[in-house]
Amino acid sequence: MYNYKELGLVNTKEMFEKAYYGGYTVPAFNFISIEQMNAIIDAVIETKSPVILLASPNLHRQLGHEMTARVVQAGVDRIKNAGLELPVVLHLDHGMSFEHCVTAVENGFSSIMIDGSALPFEENIALTKKTVEYAHAHDVTVEAELGILSGAEEDGAEGHRESMYTDPGMAEEFIQRSGADSLAISIGTCHGLVKMKPNPDGTLPELRFDILKHIQKNVPGFPIVLHGASNISPEYVKMINQHGGHIEQTVGIPDDQIRKAAKTAVCKVNIATDGWICALANTRRILDENPAAIDSRVFTLKTRPEMKELYLHKIDIMGSAGKA
Ligand code: 13P
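Positions 634 to 957 (the numbering used here) are the ones given, in order, by the sequence shown.
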């Protein structure tokens with residue numbers, strides 16, 4: 634059993650308070666390799682940004698919680714060795730059961746998500762409440778979810794076909810009764826590659842800022858989370874397709890809508906897919922350019938600076954540079 638404080642991590646409490654009243658949002662990045670985690674750390678060192686490292690259920694299957702936490706601990710050490718003190722959270726993304734959350738806390742995670750969004754309202758409250766009681770006893774913060782985002786959280790995960798926007802009245806009741814520290818809501822973002830459908834005139838629809846405003850008015854000071862916020866840059870899709878891949882160009886969440894959300898009650902914005910496609914596009918390109926390579930470092934070393942550029946851009950649109 635590890636305590637996250639021994640690993641140099643913090644929970645989201647103070648981080649979200651500063652973001653809420655400071656008019657910015659904290660970037661939350663999924664990672665699936667050491668190079669990706671290092672690229673995130675490179676970007677936060679350069680910008681002096683707080684950060685949330687997201688570990689998904691698939692990462693648990695790949696590395697296990699114990700190794701994930703140790704790798705992150707090494708990342709925190711890199712920050713300290715650079716002479717900086719930046720708040721870093723290790724967050725369980727989409728914890729699907731109470732037991733899953735317990736294992737994460739026991740291995741040093743400082744924040745967890747219990748995702749009861751597919752359950753009926755009362756069952757979601759009960760599961761969240763039980764998780765909150767356990768987590769708070771360990772000074773770990775809890776994110777819950779109400780409403781449904783369409784799309785799969787990651788490759789191989791079972792996704793939802795339709796989204797169901799969060800009902801502001803239910804959100805208020807959920808927050809009060811569950812005791813969660815933050816709430817992921819559904820206002821039009823989606824997990825994965827398939828996101829926005831352009832209007833018939835070619836313009837893009839706006840996220841449902843009216844729902845967000847309503848919740849912010851009803852529960853002032855309470856941190857809101859947006860999942861499914863990747864932009865799906867045509868640059869990466871084109872590179873993947875030019876180098877042997879075959880994926881469809883879709884329309885992601887425009888940067889200006891994330892900039893707008895960052896100034897509201899939204900204190901955490903999750904980005905996974907943009908990181909995946911940046912790494913994969915550059916890996917395909919580098920392998921094509923180096924057909925005689927026999928060592929995977931030919932791409933692992935060279936994709937890191939490309940991913941760093943992506944994370945620097947995300948930190949810029951979320952406004953978190955210099956906010957550590
Ligand atoms: P994207 O698929 O838009 O990157 O969203 C990731 C996410 O919300 C992880 O929880």
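C-beta atoms are modelled at their ideal positions from N, C-alpha and C, and glycine is treated no differently.
Residue i - partner residues in DSSP beta bridges
{"i": "residue 660", "result": "902"}
{"i": "residue 797", "result": "781"}
{"i": "residue 744", "result": "724 and 774"}
{"i": "residue 858", "result": "817 and 901"}
{"i": "residue 829", "result": "884"}
Beta-carbon separation (whole angstroms), residue i vs residue j, contact threshold 8 Å
{"i": "residue 648", "j": "residue 722", "result": "7 Å"}
{"i": "residue 917", "j": "residue 878", "result": "6 Å"}
{"i": "residue 954", "j": "residue 680", "result": "4 Å"}
{"i": "residue 873", "j": "residue 910", "result": "7 Å"}
{"i": "residue 892", "j": "residue 948", "result": "Contact flag wrong, Cβ pair sits at about 12 Å."}
{"i": "residue 865", "j": "residue 885", "result": "3 Å"}
{"i": "residue 901", "j": "residue 856", "result": "7 Å"}
{"i": "residue 832", "j": "residue 801", "result": "Not really, about 24 Å apart at Cβ, beyond 8 Å."}
{"i": "residue 653", "j": "residue 742", "result": "Incorrect: roughly 22 Å between the Cβ atoms, too far for contact."}
{"i": "residue 920", "j": "residue 861", "result": "Not confirmed; about 29 Å, so no contact."}
Where residue i sits in the DSSP three-state scheme
{"i": "residue 738", "result": "helix"}
{"i": "residue 811", "result": "helix"}
{"i": "residue 647", "result": "helix"}
{"i": "residue 729", "result": "coil"}
{"i": "residue 946", "result": "helix"}
{"i": "residue 684", "result": "strand"}
{"i": "residue 844", "result": "helix"}
{"i": "residue 940", "result": "helix"}
{"i": "residue 704", "result": "helix"}
{"i": "residue 931", "result": "helix"}
{"i": "residue 889", "result": "helix"}
{"i": "residue 876", "result": "coil"}
{"i": "residue 655", "result": "helix"}
{"i": "residue 802", "result": "helix"}
{"i": "residue 719", "result": "coil"}
{"i": "residue 836", "result": "coil"}
{"i": "residue 822", "result": "coil"}
{"i": "residue 865", "result": "coil"}
{"i": "residue 751", "result": "coil"}
{"i": "residue 851", "result": "helix"}
{"i": "residue 670", "result": "helix"}
{"i": "residue 999", "result": "For residue 999 there is no data in the structure shown, the boundaries of the chain being 634 and 957."}
{"i": "residue 637", "result": "helix"}
{"i": "residue 977", "result": "Shown here, the chain extends from 634 to 957; a query on residue 977 therefore has no answer."}
Exercise for the section: Flag this pair as touching only if the region 899 to 909 and the region 658 to 666 have three or more C-beta atom pairs under 8 Å; answer yes or no. Expected result: The region 899 to 909 vs the region 658 to 666: in contact.
Practice task
Assess, as a yes-or-no matter, whether the region 683 to 692 is touched by the region 928 to 941 under the definition of 3 or more beta carbon pairs within less than 8 Å.
Solution key: no
Handout entry: Contact the region 707 to 725 vs the region 760 to 767: 3+ CB pairs below 8 Å
Key = Contact fails: fewer than three Cβ-Cβ distances are below 8 Å.
Practice task
Take every Cβ of the region 803 to 819, pair it with every Cβ of the region 767 to 785, and state whether three or more of those distances are shorter than 8 Å.
Solution key: As far as the Cβ criterion goes, the region 803 to 819 touches the region 767 to 785, which means the pair count is three or higher.
Problem - Contact between the region 863 to 882 and the region 806 to 813 (3+ Cβ pairs under 8 Å) - result: Verdict: no, contact absent.
Practice task
Count the C-beta pairs between the region 696 to 706 and the region 731 to 746 that are closer than 8 Å, then say yes if the count reaches three, no if not.
Solution key: yes
Practice task
State whether the region 746 to 758 contacts the region 708 to 720, with contact taken as three or more CB pairs (one from each stretch) at a distance under 8 Å.
Solution key: no
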